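**Student:** Quick note on the working numbering: the sequence shown kicks off at 7 and runs consecutively.
Next up is a structure, given as structure tokens.
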Amino acid sequence: MNKYILRTSLVWIIVLAAIAGIRAYRTHASKQPTAMKTAMSGEMQPVASGPPATADEPKPSMPDMPDMKMDAPLVPIQLTPERMQSIGVQTGTVEYKQLSDDIRATGTVDINERLLSYVQVRFPGYIRKVFANATYQYVRKGEPLFTIYSPDLVATQQEYLLARQNQKTLGASTVDGVAAGAETLSVAAEQRLEQWEVPQSEIAKLKVTGKPVTDLTINSPVEGYITERNALPNMYAEPSTKLYTVADLSHVWVYAQVLQDDIGRIKPGDTAQITVDSYPGRNFSSQIEEILPQVDMATRTVRVRLAMANPGLKLKPGMFVNVDLKTSLGRQLIVPASAVFQSGTRQLVFLNYGNGSLEPKEITIGPRVGDDFVVLKGLKAHDSIVTSAGFLIDSESQLQAAAGSFVPPAPGAGASSPTANAPAASQANIDFTTDPNPPQKGSNVFRVKLTGADGKPVIGADVTVTFYMAAMPAMGMSATNMNTKLLDKGNGVYEGSGSPGSGGTYQTTISAQKNGQSIATRQLRVNVTGGM
């Protein structure tokens, strides 16, 4: 029994000791300082933005900070002529231009609805003969379409003939109102025939022959192509029956499908050029008549109606065409499209201050016109910018922002400086060594040999060595950044002491300045031994 109690006690003691050890380790890791000092340069601080959090303030997690700006920081950078040449840096100037843009769209030819006509009768009857008996048959105005027999029409003609006969008989009557009444009946019957659109030629024939017309011929009221035909022999037709649809195709409509993003750049009255694959090399001129107030939910396009002449009936209804809409944007500030670096959340350009000094600038852009972007905000005319290699320069800026190795340009090195276009200072060569080699965790001596392009030692320079390591959250380590300023030992040799706080691979930047100007920069990776 005593042995059982003893074993149980030992197990609980081991478990409690393990829990206490884990808790002590976590507490030690959370309180582990990230700032380390060197003998020469002062503090080594993690790269972060904003005031440092205190031990009592828990670090907020990402879901608790929806408004945090996740874009990598960018800083001005200084590049050597060799570096600019190797990455293909080219420069240009921001300027104003008179812009006209082309919006290309697809479209289809349609019938001009204003030139459509229906053929109907104003009295019921039976169709006898049909002369226009095919769809898309061309008919001229006044050309016969069909004949129709109508009992109502025959009865009205007989009434008209009887009224005329009574008018002749009673015209000589001396009784008041008799002659006038007979004439009124004759005029009323004739007006009824005219309201039924019986041609005057048929009425004249009725007066001459004195016999009613049983098969009345109906002529085409317009000239065009029959696009719909319902008139068939022996068919009973009523006034509501649409017998023919005739379309004048000498003028047609074209419906262009324009993306909704481009619809604000066009207006009624703008000109357009239409091309058809059936007629290569031929352009048809047109004009925007109306922008229809409806967006296609599937294609996100808006139908734009164009009106145009159709000489020779080259354009057939339903034909697929290409539409080139001409728009004028007026005088706009523009930059080459290759100069704009788009990160997904912002648009950047890099201002060129000369002598390899570049500065990122966030801008707001408008529509793209050809190979240029319209600038809405952030630049002014005559600014010098980088027009190529934007991605590589953006990476260089982020790297130098992270490493803290930016060397600010000399005072007055901006666009207004008289030395902005002066040739770059002669570059120096950097030879970097450490003691011990490779460097270790703890104290080390950093040594730089600085020689000019002619091989002679460079003295009187300010040399800085920066060690940077990214954060490793899985191991509880934040980013570290250690700067060491080296002392001039003479004959181009510069030395200083630095103490990396842990082993690992560091991004190391050595920069040299003289007389306020950068004369050399070198970046390399250095492996520090000694473990974490």
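Where is the CB? At the ideal position from N, CA and C, for every residue including glycine.
What you are looking at is a predicted structure, and each value in this text was computed from that prediction instead of being measured.
Within 8 Å, do at least three Cβ pairs link the segment 305–324 to the segment 358–369?
**Tutor:** Note that the segment 358–369 does not touch the segment 305–324; fewer than 3 beta-carbon pairs, one per stretch, sit closer than 8 Å.
**Student:** Quick check on this structure: which residue in Ala195, Asp158, Arg288 and Val471 has the alpha carbon closest to the alpha carbon of Asn328?
**Tutor:** In the sequence shown, residue 328 corresponds to position 322, counting from 1. Asn328 has its Cα closest to that of Arg288, out of Ala195, Asp158, Arg288 and Val471.
**Student:** Going by DSSP in three states, Ile272 sits in which element: helix, strand or coil?
**Tutor:** Taking the first residue of the sequence shown as position 1, residue 272 is located at position 266. In this structure, Ile272 counts as coil in the three-state DSSP scheme.
**Student:** In its own chain, which residues sit with a C-beta less than 8 Å from the C-beta of Leu385, not counting the 5 before and 5 after it?
**Tutor:** Mapped onto the sequence shown, residue 385 falls at position 379. Closer than 8 Å at Cβ, skipping near neighbours: Val100, Leu339, Val341, Val355, Lys367, Ile369 and Ile391.
**Student:** Excluding the 5 residues preceding and the 5 following Arg309 in the sequence, name in chain order all residues of the same chain whose CB lies nearer than 6 Å to its CB.
**Tutor:** In the sequence shown, counting from the first residue as 1, residue 309 sits at position 303. If you ignore the 5 residues before and after Arg309, its C-beta comes within less than 6 Å of the C-beta of Tyr261 and Leu298, all in its own chain and listed in chain order.
**Student:** CB Gly509 to CB Gln446, shorter than 9 Å?
**Tutor:** Locating residue 509 in the sequence shown gives position 503, where the first residue counts as 1. Locating residue 446 in the sequence shown gives position 440, where the first residue counts as 1. Cβ distance < 9 Å, so Gly509 and Gln446 count as in contact.
**Student:** Is Leu265 close to chain C? Criterion is C-beta to C-beta, closer than 9 Å.
**Tutor:** No chain C is present in this structure, which holds just one protein chain.
**Student:** Considering only residues of the same chain and omitting the five flanking positions on each side of Leu6, which have a CB-CB separation below 7 Å?
**Tutor:** Outside the displayed span of the chain (7 to 538) sits residue 6, for which this structure offers no information.
**Student:** With 16 as the cutoff for other CB atoms within 10 Å, does Ser363 come out buried or exposed?
**Tutor:** The count along the sequence shown starts at 1 and reaches residue 363 at position 357. Buried.
**Student:** Look at the alpha carbon of Leu122 and the alpha carbon of His257, and state the distance between them as a whole number of angstroms.
**Tutor:** For the purposes of this step, residue 122 is taken as the residue at position 116 of the sequence shown. For the purposes of this step, residue 257 is taken as the residue at position 251 of the sequence shown. Between Leu122 and His257, the C-alpha separation is close to 11 Å.
**Student:** Mapping the DSSP letters down to three states, classify Ala416 as helix, strand or coil.
**Tutor:** Along the sequence shown, one-based indexing puts residue 416 at 410. Residue placement at Ala416 is poorly supported in this model, since its pLDDT is 40, which falls under 50; the coordinates still yield a value, given next. In the structure shown, Ala416 sits in coil (DSSP, three-state: anything other than H, G, I, E or B).
**Student:** Helix, strand or coil: how does DSSP classify Pro227 here?
**Tutor:** Here the question's residue 227 lines up with position 221 in the sequence shown. It is coil, neither helix nor strand.
**Student:** How should Asp108 be labelled, buried or exposed, when 16 other C-beta atoms within 10 angstroms of its C-beta is the threshold for buried?
**Tutor:** The sequence position of residue 108 within the sequence shown is 102, counting from 1. Label assigned to Asp108: exposed.
**Student:** For Trp202 and Asn118, I'd like the C-alpha separation in whole angstroms.
**Tutor:** Working through the sequence shown from its first residue, we reach residue 202 at position 196. Working through the sequence shown from its first residue, we reach residue 118 at position 112. Using only the alpha carbons, I get a separation of about 29 Å.
**Student:** Please name the residue, chosen from Ser449, Ser192 and Gln126, that lies closest to Thr490 on a Cα-to-Cα basis.
**Tutor:** The sequence position of residue 490 within the sequence shown is 484, counting from 1. For the residues Ser449, Ser192 and Gln126, the minimum Cα distance to Thr490 belongs to Ser449.
**Student:** What separation, rounded to the nearest whole angstrom, lies between the Cα atoms of Gln197 and Ile269?
**Tutor:** As a first step, residue 197 must be located in the sequence shown, where it is residue number 191. As a first step, residue 269 must be located in the sequence shown, where it is residue number 263. Roughly 54 Å separates the two Cα atoms.
**Student:** Rounded C-beta distance between Pro130 and Ala237? I'm assuming under 8 Å.
**Tutor:** The residue labelled residue 130 in the question sits at position 124 within the sequence shown. The residue labelled residue 237 in the question sits at position 231 within the sequence shown. About 14 Å separates the two Cβ atoms, so there is no contact after all.
**Student:** Whether or not the segment 434–442 and the segment 456–465 are in contact is what I'm after, with contact meaning three or more pairs of Cβ atoms, one per stretch, closer than 8 Å; do they touch?
**Tutor:** yes
**Student:** Over the uninterrupted beta strand (DSSP E) stretch that includes Val264, give me the two end residues.
**Tutor:** On the sequence shown, residue 264 is found 258 positions in, with the first residue counted as 1. Taken as a continuous stretch (DSSP letters only), the beta strand (DSSP E) holding Val264 covers His257 to Leu265.
**Student:** Could you check the C-alpha separation between Pro553 and Pro227 for me, to the nearest Å?
**Tutor:** One cannot answer for residue 553 here, as it falls past the ends of the chain, which runs 7 to 538.
**Student:** What distance in whole Å lies between the Cβ atoms of Ala345 and Arg374, which are believed to be in contact at a cut-off of 8 Å?
**Tutor:** On the sequence shown, position 368 is the one that residue 374 refers to. On the sequence shown, position 339 is the one that residue 345 refers to. Between Arg374 and Ala345 a beta carbon distance of about 12 Å is seen, past the 8 Å cut, so the two are scored as non-contacting.
**Student:** Name the one or two DSSP bridge partners that Gly113 has.
**Tutor:** Here the question's residue 113 lines up with position 107 in the sequence shown. DSSP lists Ala262 and Val327 as partners of Gly113.
**Student:** Between the segment 206–217 and the segment 148–156, are three or more C-beta pairs nearer than 8 Å?
**Tutor:** no
**Student:** Taking only runs that begin and end inside the segment 133–163, name each unbroken alpha helix (DSSP H) of 4 or more residues, in chain order.
**Tutor:** Runs of the alpha helix (DSSP H) inside the segment 133–163: none found.
**Student:** Quick one: give me the first and last residue of the beta strand (DSSP E) that Leu530 is part of.
**Tutor:** For the purposes of this step, residue 530 is taken as residue 524 along the sequence shown, with counting starting at 1. Start and end: Gln523 to Val534.
**Student:** Candidates Gln519, Lys174 and Arg311: which alpha carbon is nearest Lys273's?
**Tutor:** Here the question's residue 273 lines up with position 267 in the sequence shown. The candidate whose alpha carbon is nearest that of Lys273 is Arg311.
**Student:** The beta strand (DSSP E) that contains Val355, what's its start and end?
**Tutor:** Indexing the sequence shown from 1 puts residue 355 at position 349. Element bounds for Val355: Gln353 to Asn358.
**Student:** Going straight from the alpha carbon of Tyr231 to that of Gln171, what length do you get?
**Tutor:** Start at 1 with the first residue of the sequence shown, and residue 231 comes out as number 225. Start at 1 with the first residue of the sequence shown, and residue 171 comes out as number 165. Between Tyr231 and Gln171, the C-alpha separation is close to 44 Å.
**Student:** Here's a check: name, in chain order, each residue in its chain whose Cβ is nearer than 6 Å to the Cβ of Glu229, leaving out the five neighbours to either side.
**Tutor:** The residue you call residue 229 lines up with position 223 of the sequence shown. Hits under 6 Å: Arg146 and Lys147.
**Student:** Would you mind sorting Asp389 into buried or exposed? The rule is 16 or more other CB atoms within 10 Å of its CB.
**Tutor:** For the purposes of this step, residue 389 is identified with residue 383 of the sequence shown, where counting begins at 1. Counting Cβ neighbours within 10 Å, Asp389 comes out buried, since at least 16 surround it.
**Student:** Going by the CB atoms, is the gap between Gly504 and Val464 shorter than 9 Å?
**Tutor:** Translated into the one-based positions of the sequence shown, residue 464 becomes position 458. Translated into the one-based positions of the sequence shown, residue 504 becomes position 498. Taking 9 Å as the Cβ cut-off, Val464 and Gly504 do not qualify as a contacting pair.
**Student:** Over the uninterrupted alpha helix (DSSP H) stretch that includes Pro87, give me the two end residues.
**Tutor:** If you number the sequence shown from 1, residue 87 lands on position 81. Note, Pro87: alpha helix (DSSP H), Pro87 to Ser92.
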